[in-house]
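Under my numbering, the letters of the sequence shown match residues 323 to 757, in that order. The structure under discussion appears below in the form of C-alpha cells.
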Amino acid sequence: MINLKRHLKKFLLAIPLWCCGQTLLAQDIEYARSVVKTLASPAYKGRGYFGDGARKASEFIAGEFKKAGVIPLNQGSYFQNFNLSVNTFPGKVEVSLAGNKLVTAKDYLVDASSPACSGSFRVYPILRADLENASRLLEVLNEVGDQFLLVDNRSVSEETAEQTSAISQHLEALKSDPSLKLKGLIIYSRNKLTWTTLTEQGPRMVLQVNKADLNPAKLTRIDIDVEAMLIPEYQTRNVAGMIKGSSGLDSTVVITAHFDHLGMLGKDVYFPGANDNASGVSMMLSFVKQFSKKQPKYNTVFLGFSGEEIGILGSKAFVEDPLIDLKKIKFLVNFDLAGTGEEGIKVVNATIHKDKFQQLVALNTANKLLKKVERRGEACNSDHCWFHEQGVPSFFIYTQGGISAYHDIYDRAETLPLTAFVPFFNLMNRFFEQL
Ligand SMILES: [Zn+2]
323 MINLKRHLKK
333 FLLAIPLWCC
343 GQTLLAQDIE
353 YARSVVKTLA
363 SPAYKGRGYF
373 GDGARKASEF
383 IAGEFKKAGV
393 IPLNQGSYFQ
403 NFNLSVNTFP
413 GKVEVSLAGN
423 KLVTAKDYLV
433 DASSPACSGS
443 FRVYPILRAD
453 LENASRLLEV
463 LNEVGDQFLL
473 VDNRSVSEET
483 AEQTSAISQH
493 LEALKSDPSL
503 KLKGLIIYSR
513 NKLTWTTLTE
523 QGPRMVLQVN
533 KADLNPAKLT
543 RIDIDVEAML
553 IPEYQTRNVA
563 GMIKGSSGLD
573 STVVITAHFD
583 HLGMLGKDVY
593 FPGANDNASG
603 VSMMLSFVKQ
613 FSKKQPKYNT
623 VFLGFSGEEI
633 GILGSKAFVE
643 DPLIDLKKIK
653 FLVNFDLAGT
663 GEEGIKVVNA
673 TIHKDKFQQL
683 VALNTANKLL
693 KKVERRGEAC
703 NSDHCWFHEQ
713 GVPSFFIYTQ
723 GGISAYHDIY
733 DRAETLPLTA
743 FVPFFNLMNR
753 FFEQL
C-alpha cells in the first residue's frame with residue numbers, strides 16, 4: 323500500500339503558493355481522515371439506533387458546524403427531529419450449527435427482518451433446486467413443521483431464467499410468508515455477507531450463512547439465542563446549517579451526506595461504515611471548513627441526514643418539511659461513498675443535467691484531477707432522490723474502485739484509502755465556484 327500522506331505532501335510542494343487558496347491542504351486531509359476515524363469508531367456503535375449511535379454522530383456534526391460558525395437552520399437549532407420504526411438486535415446473538423459455533427458477521431448474518439428466536443431446533447437441509455417445484459416444497463414444509471429449513475443455495479449454474487424466477491419467488495415466500503409454520507430459514511451460500519437495516523420484523527428467523535468448512539447436508543441441528551426488538555417510534559434527527567454567500571443572491575447551494583449506518587448486531591458486533599458514509603460526511607465537513615475560511619458565492623446549506631440506510635427516510639422527512647425553500651436551490655450535491663476513487667467518480671443524474679456534467683468533466687480534464695468522471699442516469703439510491711423528485715437540480719456523486727467492503731464489518735477507517743479524496747474535493751470546489 324502506498325503512503326498516501328507522503329504522496330500528498332510531495333504533490334502539494336510542487337504547487338506554487340499562489341494557487342493554493344482553492345486546494346485542500348495537507349492538514350485538511352488529516353482532518354478528513356480524523357472525521358472518518360471518529361465516526362467509524364466503536365463509540366459511535368455503527369451509527370444506528372439502539373444505543374443511540376446515530377444520535378451521537380448528529381451531535382458530532384453539530385459540534386463541527388458550531389466550531390466553523392455555521393448558522394443553525396431550525397429556529398436556532400441544528401437539529402430536525404423525525405421518527406422511524408426500526409428492528410434492532412440489542413442483546414444476545416449466538417448461533418451454533420451442528421455443534422459448530424459461528425462467528426457473527428464473519429460466518430453468518432441474522433437477516434435484518436428477523437424476530438427474536440431461542441432454543442434448539444431440528445434443521446432440514448435441502449438443495450436450491452428443491453425449491454423449484456411448489457408442490458414438492460409444500461411436502462418438505464409439512465415434514466419440517468415448526469423447525470428450521472436450510473437451503474443450500476450454492477448451485478446456481480445451468481438454471482433457466484424460469485427456474486431462477488420460480489426459485490427466487492419460493493425463497494422469498496420462505497422468508498416472509500406469515501402463513502407458514504416454519505420457525506426459521508438458513509440460507510447457505512458462498513456469497514459475500516452484506517447486511518442492511520429494516521423498519522419491520524418478518525414472521526421468522528432468517529440466517530445467511532457463508533462458512534467454507536461446513537458441509538450443509540450435515541447441518542441438522544441449530545442452537546440459537548438471538549434477541550430482537552422492534553422499536554416502532556424511534557426519534558432520530560437530521561442536522562442542518564448554513565454559511566452565508568458573498569453575492570447577496572437568494573439562491574442556495576446544498577451539500578448533503580447521510581451520517582447513519584447499520585448500527586449493531588448484538589452487543590459486540592458493530593458496522594463501522596467508514597466508506598458508507600463517514601467518508602461523505604467528511605467531505606461535507608471539509609466544505610464547511612473551506613467555506614468558513616473562504617466565503618462561497620451563494621448561501622450554502624449543509625444537511626447531514628439520518629435514516630438513509632433504512633429507506634432514505636431522513637432526506638424524505640426534510641423534503642416533506644423543508645427548512646429552506648426548495649425552489650431556490652441552485653444545485654444540490656449529495657456525497658455518499660467518498661472514500662476510494664482509484665477508478666474516479668460516478669455521477670447520478672448526469673444524463674439529466676448534461677451541461678453541469680460537462681462542466682464537471684471539463685474541470686476535471688483541465689486540472690488533471692480524477693482518473694474518470696463517469697455518467698449515470700437517475701437512480702433513487704441515496705438522499706438526492708426526494709429532492710430530484712421535487713425538481714431540485716441535483717447530483718449524487720460516489721467514488722469508484724479500491725476496496726470492496728460494503729455493508730459489512732470490514733468497512734473500517736483503518737483500511738479506507740481516501741485515495742482520491744483531495745482531487746475529488748478540489749474538483750467539487752471548482753464546480754461550486756463555477757455555479
Ligand atoms: Zn450510504
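Think of the CB as a built atom: it goes at the ideal place given N, C-alpha and C, for glycine as much as any other residue. Predicted model, so just to flag it, every value in this text is computed and none were measured.
Residue ranges of uninterrupted alpha helix (DSSP H) with 4 or more members, entirely inside the region 592-652 and ordered along the chain, are 601-615 and 635-642. Per DSSP, reduced to three states, the secondary structure at arginine 476 is coil, with no helix or strand assignment. For isoleucine 508, DSSP records a beta bridge to Leu472 and Leu529. For phenylalanine 404, the enclosing beta strand (DSSP E) starts and ends at 401-410.
Closer than 8 Å to some heavy atom of ligand 1: that describes the Cβ of histidine 580. Inclusion of phenylalanine 624 and valine 561 in the CB contact set at 9 Å is warranted, their separation being smaller than that value. Around alanine 701, the same chain offers Val670 as residues with beta carbons nearer than 7 Å, after the five sequence neighbours per side are excluded. With a beta-carbon spacing of about 6 Å, leucine 587 and threonine 426 fall inside the 8 Å limit used to define contacts. When DSSP reads this structure, histidine 580 sits in a beta bridge with Phe627.
Around the Cβ of asparagine 751, a 10 Å sphere holds 16 or more other Cβ atoms; the residue is buried.
CA-to-CA, the gap between glycine 467 and glycine 633 works out to about 34 Å.
Rounded to the nearest whole angstrom, the CA to CA distance from alanine 727 to leucine 502 is 35 Å.
Between ligand 1 and leucine 635, a heavy atom-to-CB distance of less than 8 Å is absent. About 5 Å separates the beta carbon of leucine 654 from that of phenylalanine 709, a gap short enough to meet the 8 Å contact definition. Note on glutamate 630: 16 or more other CB atoms within 10 angstroms of its CB, so buried under the neighbour-count rule. Here the alpha carbons of phenylalanine 581 and threonine 410 stand approximately 18 Å from one another. Taking a cut-off of 8 Å on C-beta distances, the region 659-674 touches the region 703-717, as three or more cross pairs fall below it. Distances from the alpha-carbon of serine 511 to those of Ile731, Glu465, Leu449 and Ala483 put Leu449 closest. Assignment of leucine 361 by DSSP, reduced to helix, strand and coil, places it in the helix class. Glycine 524 and glycine 506 have their C-alpha atoms roughly 11 Å apart. Per DSSP, the beta bridge partners of methionine 551 are Thr410.
Secondary structure note for glutamate 416: it is in no alpha helix (DSSP H), and the uninterrupted beta strand (DSSP E) holding it is 415-419. For arginine 444, the secondary structure class from DSSP, reduced to helix, strand or coil, is strand. Residue environment analysis places aspartate 474 among the buried positions, since at least 16 neighbouring C-beta atoms fall within 10 angstroms of its C-beta. Inclusion of valine 392 and alanine 420 in the CB contact set at 9 Å is not warranted, their separation being larger than that value. For isoleucine 667, the enclosing beta strand (DSSP E) has its first and last residue at 667-670. Membership of isoleucine 719 in the beta strand (DSSP E) is indicated by the continuous run 716-721.
Proximity of the beta carbon of glycine 629 to ligand 1 is not indicated: no heavy atom of the ligand is located closer than 8 Å. A distance filter of 5 Å between CB atoms and the heavy atoms of ligand 1 selects the following residues in sequence order: Asp598, Asn599 and Asp658.
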